[in-house]
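The sequence shown begins at 1 in UniProt numbering and counts up one residue at a time. Just so you know, even glycine gets a beta-carbon here, dropped at the ideal spot from N, CA and C. See structure below.
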Amino acid sequence: LEQLSDVHSGGQDMVIHRTAVPAPATACTLKVGPKKEVAECKEKFASSVDPTVSQMFMLDRVFNPEGKSLTPMRGFKYSSWSPLGCDANGRCLLAALTMDNRLTIHANLNRLQWVQLVDLTELYGERLFEASYRLCKADAPCGELGDFPEFQRRHSMQTPVRMEWSGICTTQQVKHNNECRDVGSVLMAVLFENGNIAVWQFQLPFLGKESITSCNTIESGISSPSVLSWWEYEHNNRKMSGLIVGSAYGPVKIIPVNLKAVKGYFTLRQPVVLWQEMDQLPVHSIKCIPLYHPYQKCSCSLVVAARGPYVFWCLLLISKAGLNVHNSHVTGLHSLPIVSMTADKQNGTVYTCSTDGKVRQLIPIFTDVALKFEHQLIKLSEVFGCVRTHGIAVSPCGAYLAVITTEGMVNGLHPVNKNYQVQFVTLKTFEEAAAQLLESSVQNLFRQVDLTDLVRWKILKDKHIPQFLQEALDKKIESCGSTYFWRFKLFLLRILYQSMQKAPSEVTWRPSHEDAKILISDSPGMGSTEDDKEEGTSKQASKQSLGDTGKGVDIDDTAEDSLHQSSDAGGREPMVEKLLEIQAQIEAVEMHLTREHMKRVLGEVYLHTWITENTSIPTRGVCDFLMSDDGYDDRTAQVLIGHILKKMNKQTFPEHCSLCKEILPFTDRKQAVCSNGHIWLRCFLTYQSCQSLVYRRCLLHDSIARHPTPEDPEWIKRLLQGPCTFCDSPVF
């Protein structure tokens, strides 16, 4: 479910774009040896006279994913989102684990469907097969596949339990000329049934099998592992990492991850045990939240884990004495085990839920030594009625809480059918969302879509921009001048414009079946005077009113409607003026953002071109467009244009129409029109004309951009990877 903050719609409802990842049609069989040998071993175990072997083999769905007489295991049991910026469009990848233990990575490249990029279960099975199912060469040779314990071991070492993505990190790549360039990469840790952890390293953007850099396996030493999470901690500009592993028996510990190839990354020297008691309270989920300690004046890391009906917390803090660990449990939250837990990483708030429909909010409060939690109950029954909860998730900036619910008990009876629904609960007020957007360090509207949706709803509801927000935004623009605040202003003006628009009385897509009445006096060839026309119009009006009266409308009602129409006509002029005023403001902000991006494009042209070089970007046209407005007085742009024109040495390098070879003048930032009337849309990232039938479009349909070509230099390809200059949305 992808939330959109639609600037082209006047509806107050939340806009959600829904897509689905289909489950594979074929069952996944783990590779534990040659096919013929595996088939013989399966037949041997199934017909074994020892019931401890035959029954265990027949009932274990890892050995028998196809099921035969049993129900098929088709579906997903876990999924994990990557950080933003991992796929070809700068968005998230999705790692999905099926019921039959197939781990795949998917990408949503065209917004309409998901594409499987790689099957990691298959790749890991091939790696183990080539290594004779040993982690390192020093290990003892493995046993025969015909031995049931060895058959179990080979399955256990490649049965995924959980997988989690790390944050994006930077690696150094050496080029052919011995130059080093920084390349973005992301890690994915996969926890297996036997306690091993495979750490995959992917180069960004992730395109498929060819983007896999390495795969290393770590032995965690945890028996019956149940959950996994990345521990990422920043201290004195040094990033440290590790993996937090929880067990079904209760223990929790951090495993060091050695990342030699990652620039500026460090890890622990040895494992750190956070909880060691084997108290049979299974660890259900783990969250790691980076916070700032107000008393110690340094950054710290808060680890929370759901264990039965309790929340285990651990505060990790690096001081001169080393790594300080404070831990405890929060009790009295739920009477039933916690089924789902989520955290708002902006402020450290933790949310937990149990199946009885109770959701708890836990707010960490620092003390001199460690911290304590204040918790309060969120009563879903007051919002949704009697429901059972199955899972919760908080939106990226903490504006909404998504809850999966089914019907609860009615008059002491369970419902006959279960209808699963995803419900949304607002966690922030409009004022809090607006303040967070103004003070945001992200400075990207697309990455804060949950906050902008709250602001959008408020403006559409009240039909005006609150005074405090308008004044605060104007101050930010005056003091800072960042294009982010200009884009925020454009967003507010567009929503205000939509709120002023009158909703259509009829559904716009429904065809009209009314016959149009044509007057004889208005038909061509009949020379009629103006008086005749006026008379004909009055006749038509009287005909319509008579027809309406004949349909059963009272004369009083029609008179009342005419009064309303006259009052609407009187109040329509100020509304039209208001709309024209907002439209003028929108165009002014769009022009400012266009000029700022043009300056950036010209800066790239100046830095990456030689004298009199044709870059395929209409440089001269962009320069002339910037200087065409006498009211535009930007000293930076003037100096930059002067340097570029000097470099171009009186050359113009105009664009030509591909249909008639005529020159395409640069008179409009949105389109190019040649002298023969051929119209080509302009790319908003490079201002080149898109002279092809295929191009990309912004998520909110703001602008269009061309596809990169093999002939494009690296700096043009880099420009084409940028988001929309008006709404920060990615381009598809």
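Next item on the list: Report all residues from its chain with a CB closer than 8 Å to the CB of L699; omit the five preceding and five following residues, and keep chain order.
Entry: Taking the sequence shown and counting its residues from 1, the one referred to as residue 699 is at position 699. Same-chain partners within the cutoff: L4, R111, F446, C724, C727, S729, P730, V731, F732.
Note to self: Closer than 8 Å is the cut-off here; do at least three beta carbon pairs connect the region 189-205 with the region 71-91?
What the structure shows: Because the criterion of three Cβ pairs below 8 Å is met, the region 189-205 and the region 71-91 touch.
Next item on the list: Can you have a look at H17 and say buried or exposed, based on whether 16 or more other CB atoms are within 10 angstroms of its CB?
Entry: Translated into the one-based positions of the sequence shown, residue 17 becomes position 17. H17 is exposed by the Cβ-count criterion.
Next item on the list: Tell me whether M240 sits in a helix, a strand or coil according to DSSP, three-state version.
Entry: By one-based count along the sequence shown, residue 240 stands at place 240. Three-state result, M240: strand.
Notebook entry, point to check: Relative to the alpha-carbon of P72, which residue among G250, L720, G677, A23 has its alpha-carbon at the smallest distance?
Noted result: Taking the sequence shown and counting its residues from 1, the one referred to as residue 72 is at position 72. Checking every option, the nearest Cα to that of P72 belongs to A23.
Check: Pairing CB atoms from the region 450-466 with CB atoms from the region 21-40, are three or more of them under 8 Å?
Finding: no
Next item on the list: Quick one: give me the first and last residue of the beta strand (DSSP E) that C298 is part of.
Entry: Walking along the sequence shown from the start, residue 298 turns up at place 298. Counting along the chain, the beta strand (DSSP E) containing C298 begins and ends at 298-307.
Notebook entry, point to check: residue 749 and I392 look like a contact to me (Cβ under 8 Å); what is the Cβ gap, rounded to whole Å?
Noted result: Absent from the model: residue 749. The displayed extent of the chain is 1 to 732, so no value can be given.
Item checked: Where S628 sits in the DSSP three-state scheme -> For the purposes of this step, residue 628 is identified with residue 628 of the sequence shown, where counting begins at 1. It is coil, neither helix nor strand.
Checklist line | Cβ-Cβ separation, M163 to N196 (assumed contact under 8 Å), whole Å | finding: If you number the sequence shown from 1, residue 196 lands on position 196. If you number the sequence shown from 1, residue 163 lands on position 163. Contact flag wrong, Cβ pair sits at about 13 Å.
Checklist line | Residue span of the beta strand (DSSP E) that contains I495, given as start and end | finding: In the sequence shown, the residue the question calls residue 495 occupies position 495. That residue, I495, is in no beta strand (DSSP E); its alpha helix (DSSP H) goes 483-500.
Check: Could you give the distance in angstroms between the alpha-carbon of S441 and the alpha-carbon of P396?
Finding: One-based indexing of the sequence shown puts residue 441 at position 441. One-based indexing of the sequence shown puts residue 396 at position 396. Approximately 14 Å between the Cα atoms of the pair.
Margin query: If contacts are defined as beta-carbon pairs under 8 Å, then L719 and L685 qualify, I think. What distance do you get, rounded to the angstrom?
Written below: On the sequence shown, position 719 is the one that residue 719 refers to. On the sequence shown, position 685 is the one that residue 685 refers to. Contact holds; Cβ gap of about 5 Å.
Next item on the list: Quickly, what does DSSP pair S229 with across the bridge? List them, please.
Entry: Here residue 229 corresponds to residue number 229 of the sequence shown, with the count starting at 1. I244.
Item checked: Beta bridge counterpart(s) of F266 as assigned by DSSP -> Residue 266 sits at position 266 when you count from the first residue of the sequence shown. M240, per the DSSP bridge assignment.
Notebook entry, point to check: Is R682 helix, strand or coil by DSSP?
Noted result: Indexing the sequence shown from 1 puts residue 682 at position 682. DSSP places R682 in the strand class (E or B) of the three-state scheme.
Checklist line | Coil, strand or helix - G621 by DSSP | finding: For this step, residue 621 is matched to residue 621 along the sequence shown. It is helical.
Check: Are at least three pairs of beta-carbons, each pair with one atom in the region 145-161 and one in the region 31-42, less than 8 Å apart?
Finding: yes
Next item on the list: Return the CA-CA distance between R487 and L593, expressed in angstroms with no decimal places.
Entry: By one-based count along the sequence shown, residue 487 stands at place 487. By one-based count along the sequence shown, residue 593 stands at place 593. Their backbone Cα atoms lie some 8 Å apart in a straight line.
Check: Looking at C-alpha atoms only, which residue of Q583, G167, V410 is the closest neighbour of S381?
Finding: On the sequence shown, residue 381 is found 381 positions in, with the first residue counted as 1. Selected option, being the one with the closest Cα: V410.
Check: Is the beta carbon of Y265 less than 8 Å from the beta carbon of S223?
Finding: Mapped onto the sequence shown, residue 265 falls at position 265. Mapped onto the sequence shown, residue 223 falls at position 223. When the beta-carbon positions are compared, Y265 and S223 stay at least 8 Å from each other.
Note to self: Distance check for S185 and S319, CA to CA, integer angstroms please.
What the structure shows: For the purposes of this step, residue 319 is taken as residue 319 along the sequence shown, with counting starting at 1. For the purposes of this step, residue 185 is taken as residue 185 along the sequence shown, with counting starting at 1. Between S319 and S185, the C-alpha separation is close to 30 Å.
Check: If we call anything under 8 Å between Cβ atoms a contact, is G348 one with L281?
Finding: Counted from its first residue, the sequence shown places residue 348 at position 348. Counted from its first residue, the sequence shown places residue 281 at position 281. Contact: no.
Next item on the list: Can you say whether D368 is buried or exposed, counting buried as having 16 or more other CB atoms within 10 angstroms of its CB?
Entry: Taking the sequence shown and counting its residues from 1, one reaches residue 368 at position 368. With fewer than 16 Cβ atoms within 10 Å of its Cβ, D368 is classed as exposed.
Notebook entry, point to check: Which residues in the same chain as Q443 place their Cβ atom closer than 7 Å to its Cβ, once the five residues preceding and following it in sequence are excluded?
Noted result: Walking along the sequence shown from the start, residue 443 turns up at place 443. So the qualifying residues of the chain are S482, Y484.
Note to self: For a test of the three-state rule: what should DSSP assign to I218, helix, strand or coil?
What the structure shows: Within the sequence shown, numbered from 1, the residue matching residue 218 stands at position 218. Correct three-state label for I218: strand.
Next item on the list: State the start and end residues of the unbroken alpha helix (DSSP H) segment that holds P51.
Entry: Translated into positions along the sequence shown, residue 51 becomes position 51. Unbroken alpha helix (DSSP H) run through P51: 51-59.
Notebook entry, point to check: Which full runs of the alpha helix (DSSP H) of 4+ residues lie inside the region 91-172, going along the chain?
Noted result: Within the region 91-172, the alpha helix (DSSP H) runs of at least 4 residues that lie entirely inside it are, in chain order, 120-130, 148-156.
Notebook entry, point to check: Measuring CA to CA, which of Y124, Y687, F45, D50 is closest to V605?
Noted result: What you label residue 605 is simply residue 605 of the sequence shown in a count that begins at 1. Here the closest residue by C-alpha is Y687.
Note to self: According to DSSP, is A343 part of a helix, a strand, or is it coil?
What the structure shows: Numbered from its first residue, the sequence shown carries residue 343 at position 343. The DSSP-derived three-state label of A343 is strand.
Next item on the list: Just tell me which of Q651, K297, K68 has its CA closest to the CA of N236.
Entry: As a working mapping, residue 236 is identified with position 236 in the sequence shown. The shortest C-alpha to C-alpha distance from N236 to any of Q651, K297, K68 is the one to K297.
Next item on the list: Spatial neighbours of V190 within its chain, please: CB distance less than 6 Å, with the 5 preceding and 5 following residues excluded, ordered by chain position.
Entry: Translated into positions along the sequence shown, residue 190 becomes position 190. Around V190: P160, M163, A198.
Notebook entry, point to check: Which residues bound the beta strand (DSSP E) around R388?
Noted result: Here residue 388 refers to the residue found at position 388 when the sequence shown is read from its first residue. First-last of the beta strand (DSSP E) with R388: 387-394.
Check: Do you know how far the Cα of G408 is from the Cα of N417?
Finding: Taking the sequence shown and counting its residues from 1, the one referred to as residue 417 is at position 417. Taking the sequence shown and counting its residues from 1, the one referred to as residue 408 is at position 408. Rounded to whole angstroms, N417 to G408 spans 11 Å at the Cα level.
Check: Going by beta carbon distance, what residues of the same chain come within less than 7 Å of L451, once the five residues before and after it are set aside?
Finding: Within the sequence shown, numbered from 1, the residue matching residue 451 stands at position 451. Result list for L451: C397, A399, A433, Q436, L437, in chain order.
Next item on the list: Keeping to the same chain, check which residues put their C-beta closer than 8 Å to that of I582; ignore five residues upstream and five downstream.
Entry: As a working mapping, residue 582 is identified with position 582 in the sequence shown. Close CB contacts of I582 within its chain, under the 8 Å cut and outside five residues either way in sequence, are with L493, L496, Y497, M500 (chain order).
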